[in-house]
Amino acid sequence: MNVQIILSQMLMLFVMMLIGYFLWKKQWLDEPANQKLSKIVVNIFNPMLVVYGVLGKSSGKDMGLVAQNLFLMLLFYLLLIVFGILFVWILRPKKSERCVYWMMTIFPNVGFMGIPVISSIFGMESVIYIAFYMLGYNLLLYTLGIVLARKAAADREGRQMQEMKQGGQWKRIFNVGVLASITAILIFMFQISVPAPVVTFFDYMGNATIPLSMILIGVSIAKADMKNIFTNVRMYFYTGIRMILFPILVISLMKGMSFDPVVFGVFALELAMPVGSIITLIAKENGADETCSTNGIVLSTLVSILTIPIVCMFL
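Numbering (our numbering), first residue to last: 41 to 355.
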């Protein structure tokens, strides 16, 4: 894999993030506009890009690759859950932050940053594989993620964790992103024919995802308390282990296996993704320590510009 090409792609995405940073600093984007734009990207542009990634693609010879991808996706989340426990044991954070660190490990930014980065490296054919990771992400986030956030809140307040009310969580699990992922998988598997103008429409709309996603990530960085982030020594250790050592270890152990290069590449790059930005929202909603998760999101996103090319060197 040509690391120079990957580095140039990451630098291009970084420049897009810088634009978001300056838009916020210049007050061309305020908080209401940022929230509305985030909703548009998450609920319209991103789902359209996921669906566009499979339109007009042939599934006949690729069903074996889909099976490989499904296996790697399941392994992906199993590894993150297990290693999340190990990271907490190694780093020894205070009790109120243990479940937050576990959440940060289990829920990397598989879609919002994963799609722009991975599609820029492997092309649009990789988006169908990312859809599986997004589906698993949402299923886990609104089940295990909520449990961990509530446990973190209980630890923070020195009380027992309250029981979850399951009814409302199912509505959140089946959101637009999940429906788009399911739609993309069904179109791909059953070779559903779509008229050319519809394909073009999804192409135009979906292509807005990459620059807008990066701009919004840049806005998040601009809003963060950088002094608090850069003085958190434990977060440096976590980021180094999570963003470099962990993915390189997994890649090295699995490299000799007979996986398709693109399918395995998607798996490897998803391992190297920074912390998912939705973790802070889940933490805040459930009373957990949102400062810890915000620090992890911003620091891991900043260093990913360099760590992702480093990880790619081992593919």
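All residues carry an ideal CB built from backbone N, CA and C; glycine is no exception.
None of the values given here were measured: they were computed from a predicted structure.
Query: Nearest-angstrom Cα separation, counted from P156 out to L342; Result: 15 Å
Query: Within 8 Å, strictly: CB atoms of M174 and S221; Result: yes
Query: DSSP-derived helix/strand/coil call for P148; Result: strand
Query: CB of M153 within 8 Å of CB of S292, strictly; Result: no
Query: Runs of alpha helix (DSSP H) wholly within the region 63-96 (minimum 4 residues, chain order); Result: 71-80 and 86-92
Query: Residue range of the alpha helix (DSSP H) that includes P156; Result: G154 to F162
Query: Distance, D70 Cα to Q108 Cα; Result: 43 Å
Query: Coarse secondary structure for V106, derived from DSSP in three states; Result: helix
Query: Buried or exposed by the 16-neighbour rule on C-beta atoms within 10 Å, applied to M266; Result: exposed
Query: Closest by C-alpha distance to V259, when choosing among L181, S48, L53 and Y61; Result: Y61
Query: C-beta atoms of L131 and Y278 nearer than 8 Å; Result: yes
Query: Alpha carbon of N268 to alpha carbon of M294, nearest angstrom; Result: 37 Å
Query: Buried versus exposed, by CB contacts within 10 Å (16 or more), F123; Result: buried
Query: P72 beta carbon near the ligand MN (any heavy atom closer than 7 Å); Result: Looking for the ligand MN in the displayed structure turns up nothing, as the structure carries no ligands at all.
Query: Own chain, CB closer than 8 Å to K66, minus 5 neighbours either side, in chain order; Result: none
Query: Neighbourhood of F242 by C-beta, 7 Å cutoff - its chain only, sequence neighbours within 5 removed; Result: M88, V91, Y92 and L95
Query: Beta-ladder partner(s) of V315, from DSSP; Result: P148
Query: Other residues of its chain near N86: CB distance less than 6 Å, five sequence neighbours each side excluded; Result: T249
Query: Collapsed DSSP secondary structure at L114 in the structure displayed; Result: helix
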